[in-house]
Amino acid sequence: MKTSTFVPLLLVLGLSACRTTPPSNQVTQVATIDGLLAGVYDGEVSLAEIRKTGNFGLGTYQSLDGEMVLLDGTFYQIKGDGSVHRPPPEMLSPFAAVVDFQPTLYAELEEMDLAELKTRLDELVPNQNQFAAFSIHGNFASIRTRSVAAQKKPYPTLAEVVEIQSVFDLENVSGTLVGLRCPPFVKGLNVPGYHFHFITEEKDAGGHVLAFEMISGQLSADTVNEEFMVMLPKNTMHSDDVNLSHDRSKVLEVIEQ
Ligand SMILES: [Zn+2]
Numbered sequence: 000m001k002t003s004t005f006v007p008l009l010l011v012l013g014l015s016a017c018r019t020t021p022p023s024n025q026v027t028q029v030a031t032i033d034g035l036l037a038g039v040y041d042g043e044v045s046l047a048e049i050r051k052t053g054n055f056g057l058g059t060y061q062s063l064d065g066e067m068v069l070l071d072g073t074f075y076q077i078k079g080d081g082s083v084h085r086p087p088p089e090m091l092s093p094f095a096a097v098v099d100f101q102p103t104l105y106a107e108l109e110e111m112d113l114a115e116l117k118t119r120l121d122e123l124v125p126n127q128n129q130f131a132a133f134s135i136h137g138n139f140a141s142i143r144t145r146s147v148a149a150q151k152k153p154y155p156t157l158a159e160v161v162e163i164q165s166v167f168d169l170e171n172v173s174g175t176l177v178g179l180r181c182p183p184f185v186k187g188l189n190v191p192g193y194h195f196h197f198i199t200e201e202k203d204a205g206g207h208v209l210a211f212e213m214i215s216g217q218l219s220a221d222t223v224n225e226e227f228m229v230m231l232p233k234n235t236m237h238s239d240d241v242n243l244s245h246d247r248s249k250v251l252e253v254i255e256q
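Under numbering that gives the first Met the number 0, the first residue of the sequence shown is numbered 0, with each subsequent residue one higher.
Encoded structure:
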């Protein structure tokens, strides 16, 4: 009798553990950067689903409604007007990349700008063929971020949207850079190289990072070298009016900077 009640209980515990533990050493992303560049801004994956795969990452929201920061398991939405919101779990995302952040490397960072930070991170985490996630909590003399407003159909391309992006110049703020460095082989799927979003300490400003002057910072880094999982949106991106045959890497370079 004891055995027959014990075994099903173990099974239940095992299943629930599988469902609630995010995969470690894995980058999970929603859709592709080329889809986003082509103007596929309708999401099919909810924040609740994305959250199951990690607690740290970046991306955007339904209809391109602002920049996404996922930090310590909380989603922040920095809208085109600069306001910061906490979107509901049923909100959809057309593009996001997240990890279960388990840092293995820590460093104190001195005064530096964005270009110097990239050089420093290349020294600290030299293997460019692995994914790496970076959390940098810092004090900034200045930081320039951008966000974009929600788009209406028919959706313009991302290059067209970015021409009318909102740029925010924040001064004397502290906050966290949420960064991802992707290997060269993600071309077409994600952004090769560095991609940073920012959220202030007070969670009242942020966005996609364009430039900064950091006074000091504390780095935590996590490398990912096991799995790269892409959630493919079945309806939107694969509709045959979306042309994904172009090489959009040059356009992407301009948009990211
Ligand atoms: Zn971004």
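For glycine and all other residues, C-beta sits at the position ideal for the given N, C-alpha and C.
Only a predicted model underlies this, so the values are computations on that prediction, with no experimental measurement involved.
Review point. Is V26 helix, strand or coil by DSSP?
Key: strand
Point to revise | Straight-line Cα distance separating T235 from G42 | key: 8 angstroms
Review point. L176 and F197 look like a contact to me (Cβ under 8 angstroms); what is the Cβ gap, rounded to whole Å?
Key: 5 angstroms
Check your understanding: Where does P191 fall in DSSP's three states?
Key -> strand
Review point. For E109, which of helix, strand or coil comes out of DSSP?
Key: coil
Check your understanding: Helix, strand or coil: which one does DSSP assign to V124?
Key -> coil
Exercise for review: Between the Cα of A106 and those of D246, V185, S134, spot the shortest distance and give me the residue it belongs to.
Suggested key: S134
Exercise for review: Work out the CA separation of T156 and Q217 for me, nearest whole Å.
Suggested key: 36 angstroms
Check your understanding: Counting pairs of beta carbons, one from the segment 61 to 68 and one from the segment 137 to 154, are three or more of them closer than 8 angstroms?
Key -> yes
Review point. Distance, Cα to Cα, I214 vs E109?
Key: 6 angstroms
Review point. Okay, do the segment 45 to 52 and the segment 89 to 106 touch, 3+ Cβ pairs below 8 angstroms being the bar?
Key: Yes, the segment 45 to 52 is in contact with the segment 89 to 106.
Check your understanding: I think L129 touches P182, with their Cβ atoms under 8 angstroms apart; what is that distance to the nearest whole Å?
Key -> According to the sequence provided, residue 129 is Gln. The question's Leu does not apply to it. Between P182 and Q129 the Cβ distance is about 7 angstroms, and since that is below 8 angstroms, they are a contact.
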